[in-house]
Amino acid sequence: MGRIDFGLCLGTPTTGSLKRRYLGDVEYSLFVPANLGDPSDVTTMLRELPLALPIGGTLRTALDAWAKKAHINLNPRLEVDSYLQAADAGVRGTHSAVLPSLAGGTMPKDVRVNPLPAAVAQRRKLWLVW
Numbered sequence: 006m007g008r009i010d011f012g013l014c015l016g017t018p019t020t021g022s023l024k025r026r027y028l029g030d031v032e033y034s035l036f037v038p039a040n041l042g043d044p045s046d047v048t049t050m051l052r053e054l055p056l057a058l059p060i061g062g063t064l065r066t067a068l069d070a071w072a073k074k075a076h077i078n079l080n081p082r083l084e085v086d087s088y089l090q091a092a093d094a095g096v097r098g099t100h101s102a103v104l105p106s107l108a109g110g111t112m113p114k115d116v117r118v119n120p121l122p123a124a125v126a127q128r129r130k131l132w133l134v135w
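Converting from the sequence shown to this note's numbering requires adding 5 to each position, the first position being numbered 1.
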């Protein structure tokens, strides 16, 4: 039997020796545990709630640029290397987290899913590569 390696790629993979298949778009949302309260809108939540955010990358860059333009200070209390770490903080109820919207299907019912403001919402292409 042969061996095949595959991966998932956000964005558009560069052409080369890899084959690829478009799977769909990935959008992001703010996930808020119920124990952190029920602020009125997502801008308030991003400003006031403790956030678990990526250390860097395009999502963090977009969030920081949006916050600067909107004249608000984000409240990142936990910087993470992966979405799994951010999701874990949300499940434990210690932090809100910006995650791919599809994570909503794996979250407990008491974690609310809130769309990001249009100015910061990202829609990125998801590819299977092999």
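Backbone N, C-alpha and C define an ideal beta-carbon position, used for all residues, glycine too. Note that the structure is predicted; figures quoted are calculated from it, not measured.
Distance between beta carbons of residue j and residue i, contact taken as under 8 Å
{"i": "Leu131", "j": "Asp30", "result": "7 Å"}
{"i": "Phe134", "j": "Arg8", "result": "The sequence given here places Val at residue 134; Phe does not occur at that position. That pair is no contact at about 16 Å."}
{"i": "Asn37", "j": "Val85", "result": "Reading off the sequence, residue 37 comes out as Val, not Asn. The pair is not a contact, with the Cβ atoms about 16 Å apart (cut-off 8 Å)."}
{"i": "Ala57", "j": "Ala94", "result": "4 Å"}
{"i": "Arg129", "j": "Gly12", "result": "Not really, about 15 Å apart at Cβ, beyond 8 Å."}
Residue i Cβ short of 8 Å to the ligand SAM heavy atom set
{"i": "Lys130", "result": "The ligand SAM is not part of this structure, which contains no ligands at all."}
Residue i, buried or exposed, once every other Cβ within 10 Å from all chains shown has been counted against 16
{"i": "Tyr33", "result": "buried"}
{"i": "Gly61", "result": "exposed"}
{"i": "Leu28", "result": "exposed"}
DSSP-derived helix/strand/coil call for residue i
{"i": "Lys74", "result": "helix"}
{"i": "Ala102", "result": "strand"}
{"i": "Val47", "result": "helix"}
{"i": "Arg8", "result": "coil"}
Inter-residue spacing [alpha-carbon to alpha-carbon] between residue i and residue j
{"i": "Arg82", "j": "Ser101", "result": "10 Å"}
{"i": "Met112", "j": "Ala75", "result": "29 Å"}
{"i": "Pro105", "j": "Asp10", "result": "24 Å"}
{"i": "Asn40", "j": "Val118", "result": "14 Å"}
Own chain partners of residue i with C-beta closer than 8 Å, once the 5 adjacent residues on each side are dropped
{"i": "Ile77", "result": "Thr48, Leu51, Arg52"}
{"i": "Leu23", "result": "Val134, Trp135"}
Cβ-based neighbour list, residue i, same chain, cut-off 6 Å, excluding 5 preceding and 5 following
{"i": "Ser45", "result": "none"}
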